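All the letters of the sequence shown, read from the start, carry residue numbers 34 to 974 under this note's numbering.
What follows is a single structure, written as structure tokens, with notes after it.
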Amino acid sequence: MTLIARENELAKSSQKIPLRLVLVVPFVLQIFVAVGLTGWLSLRNGKTAVNNVTSQLRTEVLARINQQLNTYLETPHLVNAISVEAIRRFGLWNPDNMSSMRSYFFWQLKQFPTVSYISFGGERKEYAGAGYKDDGSVVIEITDKSTNFLNTIVSVNKEGNPTQFKETHPEYDPRIRPWYKAAKVAGKPQWNKIYQYYIQPSLGISASQPVYDKKGTLIGVVSTDLFLSQIGEFLQSLKIGRSGKTFIIERSGLLVASSTAEKPFFYSKDGKKTQRLKAIESSVPLIKGTAQHLIERFGNFTEISSNQQLDFILNGQREFVQVSPFQDGRGLDWLIVVVVPEADFMEQINANTRSTILLCVLALVLATLLGILASRWITHPIFRLSKASRAIASGQLDQKVEVNGIDELAILAQSFNQMAQQLRESFAALEKTNSELENRVEERTSELKEAKIAADTANHAKSEFLANMSHELRTPLNGILGYAQIMERDKTTTPKQKDAIQIIHQCGSHLLTLINDVLDISKIEASKMELYSSAFNFPFFLMGVVEMCRIRAEQKEITFNYQVLNQLPNAVNADEKRLRQVLINLLGNAIKFTEKGGVIFKVGVIGNGEDSDQSSLTKVRFHIQDTGVGMAPEQLEKIFLPFEQVGNSQQKAEGTGLGLAIAQKIVEMMGGEIKVESILGQGSIFSLDLELTKSSEYIEPNSSNTSMNLTGFKGHKNKIMLVDDRLENRSLLRNILEPLGFQIMEACNGTEGLAKAAEFNPDLIITDLVMPVMDGFEMSRRLRQSSEFKDVILIASSASVFNFDRQNSHEAGCNEFLSKPIEVDELLEVLKNYLQIEWIYDQPADLGNEQREGLTNVLNVQSGELVIPPSTELVALFNAARIGDIEVVEQEANRLKQIDGNYLPFANKILQFAKNFEEKKLLAFVKKTFRGVKCLTTKKM
């Protein structure tokens, strides 16, 4: 009866049975037996294969090394033999003139590129040679009667013609050299000891052979040198598994060469002498471990007399080693060592794994044959289910399957039919949803395109509107802030009037800041903001920022601690205005959102960039920490967005919410990044790292004298002409400059300015740019074209915020550009620089006596007169004393000791106060010293 007939009979007679009993039990038993058997065989075969492969690899590598050494080391003796034959037959040797032999050696050097030097030394001290220098060039040597038996070394070109290089060695005698003496004693070709090659940082070895005349009398010795580094290069080219190594050692254990980048020698501490490296002292763990094992196994290297294959454990890993002696009969007695880690031979193990898989497949085939009767029971129902599934996959969802006989298959068929029904319903709903979604996507895409066009139009209109409004607002602000500065300088005003004037100045400055912030964010969005670098005194710049912020902190009765972590550069090149804007914004926010505790401002150098000819980069870290309100994680994600603020409603009302957005963009333009960490209710930490270019010139700090006590200037009475179409702007400048002693002339446009310039002959002209009749650009161009006024100083003053107006003014011939509203101090600084004048200041009479007296009391102490550091070195000490931080006080005092020994008495006085915890006396002493030094510095300046 056939197998199919038996299946039909069983299907009719048997009842429904679980499918797991039919399939799982026989298959599991057979697969378990097959996998176990093949796994055991795979492990045994893998071990055998690894041993065989490593043995073959070591033998093959050793054979290649022997072949290469025989070829490479035979070359010097071949060269020597050819040289001896040439001397005997062709008469190259002439003790009075060795030039022919020197030329011959130069020719030989080109024929045998593997050798490094070829030479001959004679019994009369004559000598000739040719070889390579460390830069690859060739030198030739000669010692004979023509050189008065002075060893003369000459550099030659490719054709052998001498170049300009020449040096002599009067004490060089080849007869006392080791290579000469060894060949003379041996009387046959001989290898000499390995030596450090004097030209290149490499080991060398020389082969020498004595030369006899026809009578058998020794006339000299020929010698050929080799670089042993070429042996190392060959060893490195060998592929020994994945991480195998090979090396060659002398019987003494000294390394000759290895397949690693490690040099077989090392320099002494003074860097002048070299010493050979022993294998057991190698920095390569595999070489060092192998050498130690060989010594432990044989006692010493001299006991290894035959080829040996060994294995040992190093750091938990099995290593295969083969060591073989190498001798050439001319004095060489080396050991060649090949070591291969067992872990490198994963390929063989993978092959065994494939064998295991093959055996498993065979086991599965056997199990399949044994279980074919059971599988036939379910073949036909599964075929029907499979056919229906393919039909559904191709889109024919109207499928129904009926299965009888096996319980599980009947349940599966019923589930399949339910699934087909659900798929039909789902596909119908999905098709309807897709159609609706496509329509919505098309509508939304169209709306987004229209919205983008509208947004671009609105953004352009916004930028143009902001620029125009800025110009219109800056013009009246020029008068408000200008006259506020004039009235602040008026010494006849009462305190109440000064307070009112200061309020006017502060309100105007606040309004100007808001305008600038809005314009800055507009420039940033339009990618039009630019940075203007200039050199400035970095410590003085930071002190200015600190003093501004300390006043605000004192007004809120919180501490402000400024710490200089290390030596800062005296001057840097950067955009001073924008850097100040960033720091004041970050410090101002820290102070604004801190009600208790204080703010810490740390500055320090954390690294240097690559130096150039006149400047170098220095990386400076700015660290700002406060104990304010802090921020939640969701607030941290939005603080750098425009018009976003944190804190309570009162604090939010103090700004526009643009400061951090602008600061972040400026820092990114400077190549840095603002990082922030914050905990709600505990405070925040802002930090940024900037690479600043150090200035090569020394920049003096700006003078402490300001326009508040300015009364005039020394020298002749300079003439200044004011050209502006608005009377209030001209009136403002007249009221600033005329009291100082300047002669003033006014003009309302460029045409009138040209006419009055010819009449008034001014030293300096301050002109607006946008005027009727003739603007400032045209007037400046005509003045520069005039021979009479081509050198007159032109200062452009405009409320324009566009950079191209500043650039156009310079192209028209203006020397300087002043933005409106005009800052009096900036204007006076420009006048000082261009007119080369010296200001006269009115110092209050009561300033010197009190402060000099306080400083004298500080300087004169029991130990005598103290040397006080400059005020910039006392900032951190003053801040630490003010908050009672004794630890920082001691650190600063010890730092002052290291800076200059003259500060030792002053620092000891500070340490005495700190040791006795006399905080009040310490603060009084430091406070008087700090303010006194600042006072004297101000008066000197």
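No residue lacks a Cβ here, since even glycine has one placed at the ideal position from N, Cα and C.
Owing to the predicted nature of the structure, the values given are computational and were not obtained by experimental measurement.
The Cβ-Cβ distance between Arg97 and Leu288 does not fall below 8 Å. The DSSP-derived three-state label of Met576 is helix. Trp140 is classed as exposed because its beta carbon has fewer than 16 other beta carbons within 10 Å across all chains shown.
Residue burial is scored here from C-beta neighbours: Thr293 has at least 16 other C-beta atoms within 10 angstroms and is therefore classed as buried. Remark: C-beta atoms of Arg208 and Gly154 approach each other more closely than 8 Å. Excluding sequence positions up to five before and after Ser179, its CB lies within less than 7 Å of the CB of Asn130, all in the same chain and listed in chain order. Judged by beta-carbon spacing, Asp258 lies within the 8 Å limit of Tyr150, meaning their Cβ atoms are closer than that value. Contact between the segment 796–816 and the segment 824–834 is present: three or more C-beta pairs spanning the two stretches fall below 8 Å. Sixteen is the threshold: when 16 or more other Cβ atoms of the shown chains lie within 10 Å of the Cβ of Gly286, as they do, the residue is buried.
A straight line joining the alpha-carbon of His202 with that of Arg91 spans about 49 Å.
With a cutoff of 8 Å on beta-carbon distance, Leu261 and Leu236 are scored as near each other.
Remark: C-beta atoms of Asn594 and Ile916 approach each other more closely than 8 Å. One Cα belongs to Phe626, the other to Gln658, and the distance between them is close to 12 Å. Beta-bridge analysis with DSSP links Trp872 to Phe746. Contact between Gln342 and Gln360 does not hold, since the beta-carbon distance rounds to 19 Å and is not under 8 Å. Per the Cβ contact rule, the segment 751–758 is in contact with the segment 782–798 (3 or more Cβ pairs under 8 Å).
Here DSSP, grouped into helix, strand and coil, assigns Gln658 to strand.
For His326 and Asn333, the gap between their C-alpha atoms comes out near 10 Å. Beta-bridge annotation (DSSP): Asp258 is paired with Tyr150, Ser239.
DSSP, reduced to helix, strand and coil, places Ala216 within a helical segment of the structure shown. Nearest neighbour of Leu102 by Cα position, chosen from Ile313, Ala290, Ala926, Pro243, turns out to be Ala290.
The beta carbon of Glu925 is closer than 6 Å to those of Ala909, Leu910 in its chain, skipping five residues each way along the sequence.
Between the alpha carbons of Ile873 and Glu923 lies a distance of about 42 Å. In the three-state scheme derived from DSSP, where H, G and I count as helix and E and B as strand, Ser567 is classed as strand. Ala312 and Ile282 do touch by the CB rule: their CB atoms are close to 5 Å apart, below 8 Å. Your pair Ser717 and Gly663 checks out as a contact, with CB atoms roughly 6 Å apart and the cut at 8 Å.
Under the DSSP assignment, Asp366 falls in the beta strand (DSSP E) whose first and last residues are 366–374. DSSP places Thr108 in the helix class (H, G or I) of the three-state scheme.
Counting of Cβ neighbours within 10 angstroms places Tyr300 among the exposed residues, the total staying below 16. Judged by their CB atoms, Phe655 and Glu609 are not nearer to each other than the 8 Å cut-off.
Taking a C-beta distance under 8 Å as the contact criterion, Val187 and Lys199 qualify as a contact pair. Counting the other CB atoms within 10 Å of its CB gives Glu352 a total of 16 or more, which places it among the buried residues. For Asp344, the uninterrupted beta strand (DSSP E) run begins and ends at 341–347, by DSSP. The Cβ neighbour count for Ala461, taken over all protein chains shown within 10 Å, is under 16; the residue is labelled exposed.
Within the same chain, Cβ atoms closer than 7 Å to the Cβ of Lys865 are found at Trp872, the five residues on either side in sequence being excluded. As the crow flies, the alpha-carbon of Pro358 is around 18 Å from that of Lys226.
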